[in-house]
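J.: Numbering (the UniProt record's numbering), first residue to last: 1 to 155.
Below is the structure I would like to discuss, written out as structure tokens.
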Amino acid sequence: MSTIEVGKKAPDFKLPASNGETVKLSDYRGKKVVLYFYPKDNTPTCTQQACDFRDAYPAMVDSNTVVLGISPDPVKSHEKFIGKQSLPFLLLSDENHKVCEKYGVWQMKKLYGREYMGVVRSTFLINEKGKLVREWRGVKIKGHVQQVADEAAKL
Numbered sequence: 001m002s003t004i005e006v007g008k009k010a011p012d013f014k015l016p017a018s019n020g021e022t023v024k025l026s027d028y029r030g031k032k033v034v035l036y037f038y039p040k041d042n043t044p045t046c047t048q049q050a051c052d053f054r055d056a057y058p059a060m061v062d063s064n065t066v067v068l069g070i071s072p073d074p075v076k077s078h079e080k081f082i083g084k085q086s087l088p089f090l091l092l093s094d095e096n097h098k099v100c101e102k103y104g105v106w107q108m109k110k111l112y113g114r115e116y117m118g119v120v121r122s123t124f125l126i127n128e129k130g131k132l133v134r135e136w137r138g139v140k141i142k143g144h145v146q147q148v149a150d151e152a153a154k155l
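Written as structure tokens, this is what we have:
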């Protein structure tokens, strides 16, 4: 279950990344981190979200902010998604959904009357010291990335 709380240290993790390396959250101390969890590569809403983050990326870099996307998809899927959408940030693979569980985004979902476990689209803003300063859960895409970029710039 979720072990995350605004104002507390964000749980560290280690996951395989789309660049072939293993990434730890603690690798980014000294930078702000936007950690966004999404259900699946190459689906319409997830693609829109990734492209919104891509388009906002220069402003994020200007405010010393790193963007990391996490889904249960394998690294190979992430590599294709990045190539197809020209994403300038890393996507991390959480195939066993351990990090999703740590952040409380692996939940029961319902679609067309069918219940299943999956990722609830969520974004977390972590400051330079590794403390969670803001969270958005059950994200709706329209305007979301701009709101996240604005919050990161204010820190």
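Backbone N, C-alpha and C fix where the C-beta goes; we use that ideal spot for every residue, glycine too.
Keep in mind that this is a model prediction, so the values were computed, not measured.
Relative to the C-alpha of Ser26, which residue among Phe13, Met60, Gly20, Tyr38 is closest?
T.: Checked all of Phe13, Met60, Gly20, Tyr38; the closest Cα to Ser26 is Phe13.
J.: Looking only at DSSP bridge pairs, what is Ser71 linked to?
T.: In the DSSP output, where bridge partners are listed per residue, Ser71 has Ser93.
J.: Going by DSSP, which residues form a beta bridge with Glu151?
T.: The partner list for Glu151 (beta bridge, DSSP) is empty, contrary to what the question assumes.
J.: Residues in the same chain with beta-carbon distance under 7 Å from Met108, minus the five sequence neighbours each way, listed in chain order, please.
T.: Glu115, Met117, listed in sequence order.
J.: Please confirm if the region 78 to 85 is in contact with the region 57 to 65, defined as three or more CB-CB distances below 8 Å between the two stretches.
T.: Contact fails: fewer than three Cβ-Cβ distances are below 8 Å.
J.: Would you kindly check if the distance between the Cβ of Pro16 and the Cβ of Ser93 is under 9 Å?
T.: It is a contact, given that the beta carbons lie within the stated cut-off.
J.: Can you tell me whether Tyr112 is buried or exposed, with buried defined as 16 or more other CB within 10 angstroms of its CB?
T.: By the neighbour-count rule (16 or more Cβ atoms within 10 Å), Tyr112 is not buried but exposed.
J.: Where Ile141 and Ala56 are concerned, what is the direct C-alpha to C-alpha distance, given to the nearest angstrom?
T.: If I take the Cα positions, the gap works out to 13 Å.
J.: Does the Cβ of Arg29 have 16 or more other Cβ atoms within 10 Å, making it buried, or fewer, making it exposed?
T.: With fewer than 16 other Cβ atoms within 10 Å, it is exposed.
J.: In angstroms with no decimal places, state the Cα-to-Cα distance between Lys8 and Thr45.
T.: One C-alpha to the other measures close to 30 Å.
J.: Identify, in the order they occur along the chain, each residue of the same chain with its Cβ nearer than 6 Å to the Cβ of His97, setting aside the five sequence neighbours on each side.
T.: Cβ within range, chain order: Pro72, Trp106.
J.: Within 10 Å of its beta-carbon, does Val99 have 16 or more other beta-carbons around it, so buried, or fewer, so exposed?
T.: By the neighbour-count rule (16 or more Cβ atoms within 10 Å), Val99 is buried.
J.: Nearest to Ser122 by alpha carbon, out of Glu21, Ser86, Ala50?
T.: Ranking the options by Cα distance to Ser122, first place goes to Ala50.
J.: Does DSSP classify Thr45 as helix, strand or coil?
T.: Reduced to three states, the DSSP call for Thr45 is helix.
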